[in-house]
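Protein chains in written order, with our numbering: chain A, 318 to 671; chain B, 171 to 467.
Take a look at the structure below.
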Amino acid sequence: MYAFTKKELYICGAILLFLLVAPFVFANFKLQLAFMLILIVLAMTWNIQGGEMGYNSFGNIMFFGVGMYLCVSMQIGVYFPLAEWTESGGEKTFVHEPDQYFKGLGIGLMFAALVPPIIAGLIGYGILGLRGHYFAICTLGIGIASGELAGGIELIGAGQGMTAPPFPKGLGDLEARGQFLYFLCFALLIMTFTFIRWLYTTKFRLVLNAIRDNEDKAEAMGIETMRYKITGWMISAFFCGLAGGLVGTMVGYIEPVEVAFDGREMGVFMVLMTILGGKGTLWGPIIGAVGFHIFKESFWTLFLGWQYVALGVLIIVIVVYFPEGLMGYLREKKPEWFGEVVDDKDRKAQISLD
Amino acid sequence: MDFLVFQIPALTAQAILDGVLLGILFALIAYGMALQWGVMNIINIAQGELVIMGGYIAYFMYQAGIHPAWGIFVSPVIMFFVGVIIYKLVINKVVDRDMFISILATFGISILMMQLMNFGFGSDVVVAQSDFGTTMLFNNSVTLPNSKIFSAVVSILCAIVLTIYMKKSKLGRAIRATAQNARAAKILGVDTEKVYASTFGINAALCGVAGALVAITFTLHPYVGLPYTVRSFMIVIVAGLGNLPGVAISGMSLGVFEEFADYLLGTEFRIATVFFLLVLILLYRRFKLAKKREYLK
Numbered sequence: 318m319y320a321f322t323k324k325e326l327y328i329c330g331a332i333l334l335f336l337l338v339a340p341f342v343f344a345n346f347k348l349q350l351a352f353m354l355i356l357i358v359l360a361m362t363w364n365i366q367g368g369e370m371g372y373n374s375f376g377n378i379m380f381f382g383v384g385m386y387l388c389v390s391m392q393i394g395v396y397f398p399l400a401e402w403t404e405s406g407g408e409k410t411f412v413h414e415p416d417q418y419f420k421g422l423g424i425g426l427m428f429a430a431l432v433p434p435i436i437a438g439l440i441g442y443g444i445l446g447l448r449g450h451y452f453a454i455c456t457l458g459i460g461i462a463s464g465e466l467a468g469g470i471e472l473i474g475a476g477q478g479m480t481a482p483p484f485p486k487g488l489g490d491l492e493a494r495g496q497f498l499y500f501l502c503f504a505l506l507i508m509t510f511t512f513i514r515w516l517y518t519t520k521f522r523l524v525l526n527a528i529r530d531n532e533d534k535a536e537a538m539g540i541e542t543m544r545y546k547i548t549g550w551m552i553s554a555f556f557c558g559l560a561g562g563l564v565g566t567m568v569g570y571i572e573p574v575e576v577a578f579d580g581r582e583m584g585v586f587m588v589l590m591t592i593l594g595g596k597g598t599l600w601g602p603i604i605g606a607v608g609f610h611i612f613k614e615s616f617w618t619l620f621l622g623w624q625y626v627a628l629g630v631l632i633i634v635i636v637v638y639f640p641e642g643l644m645g646y647l648r649e650k651k652p653e654w655f656g657e658v659v660d661d662k663d664r665k666a667q668i669s670l671d
Numbered sequence: 171m172d173f174l175v176f177q178i179p180a181l182t183a184q185a186i187l188d189g190v191l192l193g194i195l196f197a198l199i200a201y202g203m204a205l206q207w208g209v210m211n212i213i214n215i216a217q218g219e220l221v222i223m224g225g226y227i228a229y230f231m232y233q234a235g236i237h238p239a240w241g242i243f244v245s246p247v248i249m250f251f252v253g254v255i256i257y258k259l260v261i262n263k264v265v266d267r268d269m270f271i272s273i274l275a276t277f278g279i280s281i282l283m284m285q286l287m288n289f290g291f292g293s294d295v296v297v298a299q300s301d302f303g304t305t306m307l308f309n310n311s312v313t314l315p316n317s318k319i320f321s322a323v324v325s326i327l328c329a330i331v332l333t334i335y336m337k338k339s340k341l342g343r344a345i346r347a348t349a350q351n352a353r354a355a356k357i358l359g360v361d362t363e364k365v366y367a368s369t370f371g372i373n374a375a376l377c378g379v380a381g382a383l384v385a386i387t388f389t390l391h392p393y394v395g396l397p398y399t400v401r402s403f404m405i406v407i408v409a410g411l412g413n414l415p416g417v418a419i420s421g422m423s424l425g426v427f428e429e430f431a432d433y434l435l436g437t438e439f440r441i442a443t444v445f446f447l448l449v450l451i452l453l454y455r456r457f458k459l460a461k462k463r464e465y466l467k
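Given below as structure tokens:
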């Protein structure tokens with residue numbers, strides 16, 4: 318792993334400090350902040366195959382939803398009969414002891430982290446053989462089909478949905494629950510950031526970029542592109558599943574179309590945030606997610622019922638006018654910030670050619 | 171699972187006939203999608219929403235006391251202008267770009283239209299009654315609503331008229347030239363911008379006709395657009411671009427498949443089956459091409 322540069326170290330330290338202090342300073346916005354961290358994780362992991370690999374997926378929402386369902390149902394299923402829980406509306410009949418709650422959550426998150434990559438690995442060979450827009454449409458279909466399918470399974474509450482186990486009563490009030498969940502999300506973010514930052518310094522990223530730029534040539538160079546593509550997707554799936562598990566616990570109520578497999582919201586948000594910040598960069602998705610979340614939280618209530626209209630307009634505006642995102646814009650204006658050597662003569666020569 | 175449909179011949183005949191009539195309607199929508207895909211290299215996710223919007227125009231005529239079947243003349247005219255407006259506002263900025271940009275942009279349009287229709291037209295499931303009656307076949311064992319037959323006939327007529335128009339008219343020639351090579355067409359004096367605008371408008375008009383037919387044969391709801399998009403996408407990738415008989419045949423097969431899935435699995439899984447079929451078809455094509463070391467382009 319390349320060492321941090323001094324500037325980067327200051328920035329990361331400041332952000333870290335802010336995130337550590339934030340839940341105590343902005344106590345009322347703890348869950349919103351936690352949600353923002355989750356969005357950053359989702360954007361960063363979408364970027365692995367969307368931005369670096371050039372495989373624009375609408376289907377990562379599937380891993381998110383699978384993780385969410387798995388985490389909650391394992392947390393329940395380890396100690397209580399799952400079918401009775403979903404039938405009775407859960408928390409009234411069975412109560413998790415604090416000990417059971419945390420152990421169950423641990424097991425649930427483990428499953429939420431491990432099963433989605435397995436699914437990605439299994440379907441990856443077929444799906445990732447599709448390229449470009451075929452891949453995009455196919456994953457769109459997968460995302461919606463998995464939502465429809467989850468709505469047909471009685472064990473996890475079918476279309477009615479199911480409730481997640483509530484935070485154990487003995488351990489304190491909403492305040493304690495908020496802080497606990499916030500720091501879980503925080504840990505996930507730190508883990509994701511460290512891992513992805515390391516990943517982007519390896520040869521792996523170069524291979525992914527080669528696939529994005531020209532897959533045929535990459536193959537001709539002797540790279541087994543399929544293996545790298547599947548690995549990339551599995552990494553995405555791992556973090557998406559974990560994020561899904563945490564969101565399920567945070568929201569407390571899971572429903573197939575509106576919460577878990579919500580391709581119209583979360584599935585598009587991932588793509589949008591990454592594009593807003595800049596595809597194929599480390600910091601782009603982070604900036605995009607933060608900007609998008611702040612915009613959403615501050616203005617969403619203003620639209621009151623017109624949210625989807627605003628979302629549609631937002632998608633169109635971002636995609637049409639900022640397809641390169643903020644980082645792309647900066648890169649064009651200030652290439653020296655990105656360590657690119659700019660030859661002024663060369664630049665002038667280019668301008669005069671135009 | 172209920173295999174009754176295979177044991178009683180009348181039910182089988184019913185399913186096949188229903189499916190064929192339905193499939194012709196799907197093929198009409200797919201024709202529009204193939205047109206703009208071939209000419210502008212754009213996949214329009216909002217295709218289904220255009221259909222539903224066209225349907226609502228027919229429905230409002232029905233509300234106003236006019237027979238909804240007249241919608242097949244009114245709604246394409248309105249939808250043509252809607253299409254041109256959408257083109258001028260959004261699509262002309264994404265035509266030459268990466269295809270994913272156009273998918274995402276039209277996805278935005280789709281969400282926008284869905285929600286606007288939800289506000290404007292209400293979120294209830296509505297039907298425009300055509301009162302065409304039904305036709306009984308084979309000793310009254312097979313029932314066919316005349317509205318379905320009407321919709322199939324109108325779709326076929328529409329496709330024929332459009333094909334002739336594409337072959338004979340000046341605009342049709344310009345559209346075909348642009349599809350073959352936009353740059354060369356531009357050099358030879360074709361106003362490609364206008365061609366694109368009218369292609370998108372024609373596609374929207376086709377969706378308008380299809381929507382009016384959907385309104386009298388099925389039900390309308392602001393949120394059911396996406397399955398129509400997926401169906402037409404499926405039909406186009408099976409048939410290939412610019413292959414009209416192929417579009418008709420794969421449309422009908424899709425219709426028949428859906429009817430049988432309806433009988434076998436139940437109506438609640440209908441949409442899920444459509445999406446699964448999409449994935450299966452794409453995977454089938456992918457593995458078939460992979461044998462020749464090629465991929466879908």
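For glycine and all other residues, C-beta sits at the position ideal for the given N, C-alpha and C.
CB contact flag (residue 241 of chain B, residue 382 of chain B, <8 angstroms): yes
Taking only the alpha-carbon atoms, compute the straight-line gap between residue 227 of chain B and residue 260 of chain B and give it to the nearest angstrom. The alpha-carbon separation between residue 227 of chain B and residue 260 of chain B amounts to approximately 23 angstroms.
Short of 8 angstroms Cβ to Cβ, which residues in the segment 234 to 263 of chain B face chain A? 260, 263
Contact criterion: CB-CB distance below 8 angstroms. Does residue 201 of chain B meet it with respect to chain A? no
Determine the contact status of residue 571 of chain A and residue 389 of chain A, defining contact as a CB-CB distance below 8 angstroms. yes
Contacts that residue 275 of chain B makes with chain A (C-beta to C-beta distance below 8 angstroms): By Cβ distance, chain A contributes 632, 633, 636, 637.
Run down chain B in chain order and give the residues with a C-beta less than 8 angstroms from the C-beta of residue 602 of chain A. Here the premise fails: no neighbours, minimum Cβ distance about 16 angstroms.
Segment contact flag, the segment 544 to 558 of chain A with the segment 525 to 533 of chain A, C-beta cutoff 8 angstroms, min 3 pairs: Touching, yes.
Helix, strand or coil for residue 178 of chain B, going by three-state DSSP, please let me know. coil
Taking beta-carbon pairs under 7 angstroms, can you tell me which members of the segment 446 to 463 of chain A lie near chain B? Cβ contacts with chain B come from 446, 447, 448, 449, 450, 451, 453, 454, 455, 458, 459, 461, 462.
Taking 8 angstroms as the CB-CB limit, is residue 184 of chain B close to chain A? no
How is residue 621 of chain A classed by DSSP in three states: helix, strand or coil? coil
For residue 360 of chain B, which residues in the same chain have their Cβ closer than 8 angstroms to its Cβ, ignoring the five residues on either side in sequence? 344, 347, 348
Close Cβ partners of residue 203 of chain B (< 6 angstroms) along its chain, the five nearest in sequence each way excluded: 217, 402, 406
Does the segment 318 to 332 of chain B come close enough to the segment 186 to 204 of chain B to have 3 or more Cβ pairs within less than 8 angstroms? yes
Go ahead and label residue 342 of chain A buried or exposed: buried means 16 or more other beta carbons lie within 10 angstroms of its beta carbon, across all protein chains shown. Exposed: under 16 other Cβ atoms inside 10 Å.
Compile a chain-ordered list of the residues in the segment 469 to 483 of chain A whose CB is closer than 7 angstroms to at least one CB of chain B. 469
For chain A, find out if any of its Cβ atoms is closer than 8 angstroms to the Cβ of residue 456 of chain B; answer yes or no. yes
Euclidean distance between Cα positions of residue 431 of chain B and residue 179 of chain B: Just so you know, the alpha carbons of residue 431 of chain B and residue 179 of chain B end up roughly 17 angstroms apart.
Can you tell me the Cα-Cα spacing of residue 362 of chain A and residue 553 of chain A, whole angstroms? Rounded to whole angstroms, residue 362 of chain A and residue 553 of chain A show a C-alpha spacing of 5 angstroms.
Given 8 angstroms, three or more beta-carbon pairs between the segment 222 to 239 of chain B and the segment 408 to 417 of chain B: no
Looking at C-alpha atoms only, which residue of B:316, B:400, B:211 is the closest neighbour of residue 386 of chain B? B:316
Count the other CB atoms within 10 Å of the CB of residue 538 of chain A; is the residue buried (16 or more) or exposed (fewer)? Taking a 10 Å sphere around the C-beta of residue 538 of chain A, we find fewer than 16 other C-beta atoms and assign the residue as exposed.
Within 10 Å of its beta-carbon, does residue 299 of chain B have 16 or more other beta-carbons around it, so buried, or fewer, so exposed? Per the 10 Å Cβ criterion, exposed.
So the candidates are B:291, B:212, B:297; which of them puts its Cα closest to the Cα of residue 389 of chain B? B:297
Report all residues from its chain with a CB closer than 7 angstroms to the CB of residue 369 of chain A; omit the five preceding and five following residues, and keep chain order. 522, 525, 526, 529, 597
Beta-carbon spacing of residue 595 of chain A, residue 642 of chain A below 8 angstroms: yes
Length of the line joining the Cα atoms of residue 379 of chain B and residue 205 of chain B: 15 angstroms
8 angstroms Cβ cutoff, residue 640 of chain A in contact with chain B: Yes, its Cβ sits closer than 8 angstroms to a Cβ of chain B.
Cβ-Cβ separation, residue 558 of chain A to residue 433 of chain A (assumed contact under 8 angstroms), whole Å: 4 angstroms
Which word fits residue 329 of chain A, buried or exposed, when buried means at least 16 other C-beta atoms lie within 10 angstroms of its C-beta? exposed
Euclidean distance between Cα positions of residue 519 of chain A and residue 285 of chain B: 44 angstroms
Can you give the beta carbon distance from residue 167 of chain B to residue 249 of chain B, rounded, assuming they're within the 8 angstroms contact cut? The first residue shown for chain B is 171 and the last is 467, placing residue 167 of chain B beyond what the model contains.
Go through its chain and collect everything with a Cβ distance to residue 276 of chain B's Cβ below 6 angstroms, but skip five positions before and after it. 214, 215, 216
Any chain B beta carbon closer than 8 angstroms to residue 544 of chain A: no
Measuring straight from C-alpha to C-alpha, what distance separates residue 613 of chain A and residue 599 of chain A? 22 angstroms
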